[in-house]
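Student:
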Amino acid sequence: MGTNSRDYQVKLNCGQETILLERRGCNGRLDLAARLLKELDGRVDALGLGGANFYYHLGSRCYPCPAGRYLAHQVKETPLVDGSGWKQWVEPRAIDQLAFLPPGSRALVVSVLDRFWLARALQAAGYPVLAGDAAFGLNLPLGFPLSTFMILGYLTMPLLAHLPLDYLYPLGHDQEKSHPHYRHLFARVKIIAGDWHFIRRHLPVSLAGKVVITSGTTPGDRELLRRRGAAWLLATTPVFEGLSPAANAMEAILVALGATAPQYAALAGKFGWLPSLYCLQK
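Per my numbering, the sequence shown runs over residues 305 to 586.
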């Protein structure tokens with residue numbers, strides 16, 4: 305559902321297998337995404353859906369995303385994933401690399417509903433989480449502690465899950481626009497984590513000394529973080545030829561190689577695809 309300006313093709317040698325990974329942006333058009341999924345169904349080994357989750361996840365509960373469910377119904381044969389498996393089984397391992405941070409360093413997770421497992425791992429490791437969903441998804445300048453957000457989420461998500469996707473999340477060419485809001489939320493934390501398009505859309509002028517945890521970045525994105533003063537990038541997906549694929553693309557690769565969700569972390573580790581820490585200020 306993203307912009308086609310970020311499309312790419314990468315060949316990966318995976319032992320006895322070669323994977324052709326291709327990204328095709330549909331510029332926010334639901335009809336084009338549905339048509340493309342139908343065309344590719346049965347012709348490829350795995351499909352990854354970006355920009356629309358099948359479900360919003362909060363604790364043990366999940367709430368269907370209408371756009372994601374609609375697109376999922378277009379596919380009858382090929383395994384289709386939305387990245388939630390990677391976010392659950394691989395992404396939380398990124399927290400192991402934050403031991404250099406002082407205890408109690410606070411983290412802003414721009415959308416807990418998209419990255420619940422990462423938020424839970426940060427909180428459990430001693431990094432108090434500020435949930436940015438109200439600000440980044442609903443344009444309300446509010447941040448909530450994770451425990452408070454979960455209570456509010458349980459009360460409101462049965463209704464809010466039905467909001468149009470383009471209201472909640474930047475799609476198509478909107479992903480290339482910048483609206484530097486919510487500086488007060490960024491200023492309160494040491495760690496900024498979650499979906500890159502949410503982060504980039506509201507990126508403040510100064511990120512001095514901060515750690516950014518995300519996936520799906522390009523060399524230009526990483527240079528932007530460096531210029532804004534970010535100290536570290538903790539990439540939750542590997543970098544292939546300068547590109548860091550989104551979580552859905554990495555899950556699709558693992559599925560194409562025959563892995564099931566509990567095997568994701570082991571297979572990612574075998575090929576050196578686990579989260580990696582990059583110093584941005586050398």
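Quick reminder that beta carbons are idealized off the backbone N, C-alpha and C, glycines included. Please read all numbers here as calculations on a predicted model, not as lab measurements.
(1) For Ala-565, which residues of its own chain have a beta-carbon under 7 Å away from its beta-carbon, when the five flanking residues on both sides are left out?
(2) For Phe-453 versus Val-416, is the C-beta spacing smaller than 8 Å?
(3) Mind checking which residues open and close the alpha helix (DSSP H) that includes His-488?
(4) Given 8 Å as the limit, is there contact between the region 549 to 559 and the region 318 to 333, that is, 3 or more CB pairs closer than that?
(5) Count the other CB atoms, across all protein chains shown, that sit within 10 Å of the CB of Gly-346; report buried if there are 16 or more and exposed otherwise.
(6) For His-361, list the residues DSSP reports as bridge partners.
(7) Is it the case that the region 501 to 510 contacts the region 525 to 534, given that we only count it when at least three CB pairs across the two stretches are under 8 Å?
(8) I want to see whether chain B comes within less than 8 Å of Leu-351, judged by CB atoms only; does it?
(9) Under 8 Å: do the region 400 to 409 and the region 376 to 388 share three or more Cβ pairs, one atom per stretch?
(10) From Glu-343 to Gln-378, what distance separates their C-alpha atoms?
(11) State the Cα-Cα distance for the pair Gly-546 and Leu-442, rounded to the nearest angstrom.
Tutor: Once the coordinates are examined:
(1) Looking up residue 565 in the sequence shown gives position 261. For Ala-565, same chain residues with a beta-carbon under 7 Å away, outside a window of 5 residues either side, are Gly-389 and Trp-393 in chain order.
(2) Translated into the one-based positions of the sequence shown, residue 453 becomes position 149. Translated into the one-based positions of the sequence shown, residue 416 becomes position 112. In this structure, Phe-453 lies near Val-416, with their beta-carbon atoms less than 8 Å apart.
(3) Translated into the one-based positions of the sequence shown, residue 488 becomes position 184. Boundaries of the alpha helix (DSSP H) harbouring His-488: 487 to 491, taken from the DSSP string.
(4) In the pairwise beta carbon analysis, the region 549 to 559 is classified as touching the region 318 to 333: at least three pairs are separated by under 8 Å.
(5) As a first step, residue 346 must be located in the sequence shown, where it is residue number 42. With fewer than 16 other beta carbons inside 10 angstroms of its own, Gly-346 counts as exposed.
(6) Walking along the sequence shown from the start, residue 361 turns up at place 57. Beta bridge pairing from DSSP links His-361 with Cys-366.
(7) Here the region 525 to 534 makes contact with the region 501 to 510; the two share three or more CB pairs at distances below 8 Å.
(8) Of the protein chains in this structure there is only one, and it is not chain B.
(9) Contact check between the region 400 to 409 and the region 376 to 388: fewer than three CB pairs, one atom from each, fall below 8 Å, which does not count as touching.
(10) Within the sequence shown, numbered from 1, the residue matching residue 343 stands at position 39. Within the sequence shown, numbered from 1, the residue matching residue 378 stands at position 74. C-alpha separation (whole angstroms): 10 Å.
(11) Position 242 of the sequence shown, counted from the first residue, corresponds to residue 546. Position 138 of the sequence shown, counted from the first residue, corresponds to residue 442. For the pair Gly-546 and Leu-442, the Cα-to-Cα distance works out to about 33 Å.
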